[in-house]
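Residue numbering for the sequence shown follows our numbering, starting at 437 and increasing by one per position.
Positions of the beta carbon are idealized from the N, C-alpha and C atoms, including for glycine.
No experiment lies behind these values; they were computed from the predicted model shown.
Presented below is the structure to which this report refers.
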Amino acid sequence: MELLKVDNLNPYLDDLIELLCDAVDSGAPIGFLPPMSEPEAKAYWLSVNDDLQENARQVLLVREDDKVVGSVQIAMSPKANALHRCDVEKLMVHTQARENGLGGTLMQGVERVAAAMQRQLLILEVRSDDIAHDMYVNMGYIPFGEVPWLYTQREWHAAQLDVFL
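So this is what it looks like as C-alpha cells:
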C-alpha cells in the first residue's frame with residue numbers, strides 16, 4: 437500500500453475514473469447520482485486537477501499493486517477568515533479494497549497534510565448511515581450539526597447528515 441500526495445492527476449486518470457464510477461454506483465453519497473458515466477467522471481477529475489494546479493485543493497491517493505484504490509481531497513478556502521480550516525471532501529475507497537483500513541489511512545494523511553499547511557480545523561460531512569460515519573467517530577471527530585432531510589438517490593427521504601470537526 438502506498439499513500440501519495442499528488443500534484444497532477446493525469447497519470448492516474450483512468451484509475452480515478454474507475455474509482456469514482458465504482459463509488460457512485462455502489463451508493464456513496466459524494467454528490468453524484470448513479471449510474472456514473474465515464475465521460476462525467478473524467479470531466480469531474482479534470483476539474484479537480486484544475487483546482488489542484490491552482491492550489492485550491494490537495495489530493496491524496498492510496499495505491500495497491502500500481503492501481504489507485506482510494507482517494508480524498510482537501511479543499512482550502514482562500515478567504516482571510518478561513519485560513520485555519522479546510523474541508524475534507526470525497527473520501528472514496530474502491531469496493532474491492534474496503535474493510536482494510538484504507539479510509540483511516542487516507543484520513544491520517546489528510547491530518548498530516550492539513551497540519552503542514554497550518555490548517556487546524558478539518559470540516560467534513562457524512563450521512564449517519566454511511567460506512568465512513570463510525571470511522572470518523574472512532575478517529576475522534578466531533579459532530580457539530582445535522583441536516584435532517586437530504587436529497588439522495590433521486591428521491592427525498594429522511595437521512596441524517598452529520599457535520600464533523
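Count the other CB atoms within 10 Å of the CB of residue i; is the residue buried (16 or more) or exposed (fewer)?
i: Trp592; result: Note on Trp592: pLDDT 46, under 50, position unreliable in the model; the coordinate value appears next. By the 10 Å Cβ count, Trp592 comes out exposed.
i: Arg555; result: buried
i: Ile453; result: buried
i: Asn444; result: exposed
i: Gly537; result: exposed
i: Ile578; result: exposed
i: Met437; result: exposed
i: Pro470; result: exposed
Where does residue i fall in DSSP's three states?
i: Lys478; result: helix
i: Ser483; result: helix
Between residue i and residue j, how many whole angstroms is the CB-CB distance? I'm expecting something under 8 Å.
i: Val495; j: Ser483; result: The pair is not a contact, with the Cβ atoms about 12 Å apart (cut-off 8 Å).
i: Arg521; j: Leu557; result: 4 Å
In the DSSP output, which residue or residues are listed as bridge partners for residue i?
i: Gln494; result: Ile510
i: Gly463; result: BP columns for Gly463 are empty, so no partner.
i: Leu439; result: Val498
i: Gly576; result: According to DSSP, which records beta bridges pairwise, Gly576 is partnered with nothing at all.
i: Val504; result: Arg499
Restricting to runs no shorter than 4 residues, where is the alpha helix (DSSP H) found entirely within the segment 523-570? Fully enclosed alpha helix (DSSP H) runs of 4 or longer: 538-552.
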